[in-house]
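Engineer:
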């Protein structure tokens with residue numbers, strides 16, 4: 001096996017992780033800004049704020065992952081854009097469920113609001129980030145020699 005093939009997975013994951021740090025900044029920064037401007041404990045607003053923050057981070061993720069991490073397999077096709085949107089929706093669902101669930105558990109434990117929101121967001125980001133990497137790698141920007149859904 002060629003050295004490029006041996007390091008491609010770990011190197012891609014490293015690139016994805018670095019880009020993920022910028023996404024985290026966008027995500028956490030936006031959520032905290034919205035909560036600073038419009039403080040709330042109402043689950044519907046928390047889900048809305050989390051969705052706005054996550055959506056901005058996903059847009060950032062798409063741009064940088066197409067340009068850097070998956071540039072050799074990113075075609076910019078309708079199929080890839082659709083698959084990216086679908087994985088984003090699935091990851092958003094994971095993110096919102098974990099964020100709201102962890103926030104509720106931490107609230108019951110008496111954790112202060114700011115710490116609770118950020119700890120819940122951290123858990124949500126970690127789980128949705130992991131799911132997102134595998135969905136993007138294997139379904140969105142899959143290599144041409146490993147197409148699962150095309151013949």
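Residue numbers (full-length UniProt numbering): 1 to 151. Each residue gets a CB set at the ideal place from its N, CA and C atoms; glycine is no exception. On a predicted model such as this, the values are computed, not experimentally measured, just so you know.
1. Please confirm whether residue 65 and residue 136 have their CB atoms less than 8 angstroms apart.
2. Take residue 49 and list the residues in its own chain whose beta-carbon comes closer than 7 angstroms to its own, dropping the five residues that flank it on each side.
3. With a cut-off of 8 angstroms, do at least 3 Cβ pairs link the segment 85-104 to the segment 114-128?
4. Apart from the five residues on each side of it in sequence, which residues of its chain come closer than 7 angstroms, Cβ to Cβ, to residue 129?
5. Helix or strand or just coil, what does DSSP make of residue 27?
6. Give me the Cα-Cα distance between residue 42 and residue 110, rounded to the nearest whole angstrom.
7. How far does the alpha helix (DSSP H) with residue 104 in it reach, from first residue to last?
8. In this structure, how does DSSP classify residue 65 when only helix, strand and coil are distinguished?
9. Taking the alpha helix (DSSP H) that residue 118 belongs to, which residues open and close that run?
10. Between the C-alpha atoms of residue 107 and residue 62, what's the straight-line distance to the nearest angstrom?
11. Alpha carbon to alpha carbon, how far is residue 85 from residue 115?
12. Reducing DSSP to helix, strand and coil, say where residue 51 ends up.
13. Could you tell me the distance, in whole angstroms, from the CA atom of residue 52 to the CA atom of residue 29?
14. Is the distance from the Cβ of residue 87 to the Cβ of residue 132 below 8 angstroms?
15. Could you work out which residue in 69, 94, 59 and 93 is closest to residue 81 when comparing CA atoms only?
Structural biologist: Once the coordinates are examined:
1. By one-based count along the chain shown, residue 65 stands at place 65. By one-based count along the chain shown, residue 136 stands at place 136. Yes, the pair counts as a contact, with Cβ atoms nearer than the cut-off.
2. Here residue 49 refers to the residue found at position 49 of the chain shown. For residue 49, where only same-chain residues beyond five positions count, the Cβ hits under 7 angstroms are 31, 34 and 35.
3. yes
4. Translated into positions along the chain shown, residue 129 becomes position 129. Excluding positions up to five away in sequence, the list reads 20.
5. Along the chain shown, one-based indexing puts residue 27 at 27. Residue 27: helix per DSSP, three-state reduction.
6. The residue given as residue 42 occupies position 42 in the chain shown. The residue given as residue 110 occupies position 110 in the chain shown. Approximately 17 angstroms, taken between the alpha carbons.
7. Taking the first residue of the chain shown as position 1, residue 104 is located at position 104. Unbroken alpha helix (DSSP H) run through residue 104: 78-108.
8. One-based indexing of the chain shown puts residue 65 at position 65. Residue 65 falls in the helix class under three-state DSSP.
9. Here the question's residue 118 lines up with position 118 in the chain shown. Under the DSSP assignment, residue 118 falls in the alpha helix (DSSP H) whose first and last residues are 113-135.
10. Here residue 107 corresponds to residue number 107 of the chain shown, with the count starting at 1. Here residue 62 corresponds to residue number 62 of the chain shown, with the count starting at 1. Computed Cα separation, rounded: 33 angstroms.
11. Taking the first residue of the chain shown as position 1, residue 85 is located at position 85. Taking the first residue of the chain shown as position 1, residue 115 is located at position 115. As the crow flies, the alpha-carbon of residue 85 is around 31 angstroms from that of residue 115.
12. Walking along the chain shown from the start, residue 51 turns up at place 51. Taken through DSSP and simplified to helix, strand or coil, residue 51 comes out as helix.
13. The count along the chain shown starts at 1 and reaches residue 52 at position 52. The count along the chain shown starts at 1 and reaches residue 29 at position 29. The alpha-carbon atoms of residue 52 and residue 29 are separated by roughly 11 angstroms.
14. One-based indexing of the chain shown puts residue 87 at position 87. One-based indexing of the chain shown puts residue 132 at position 132. For residue 87 and residue 132, yes; Cβs fall inside 8 angstroms.
15. If you number the chain shown from 1, residue 81 lands on position 81. Checking every option, the nearest Cα to that of residue 81 belongs to 59.
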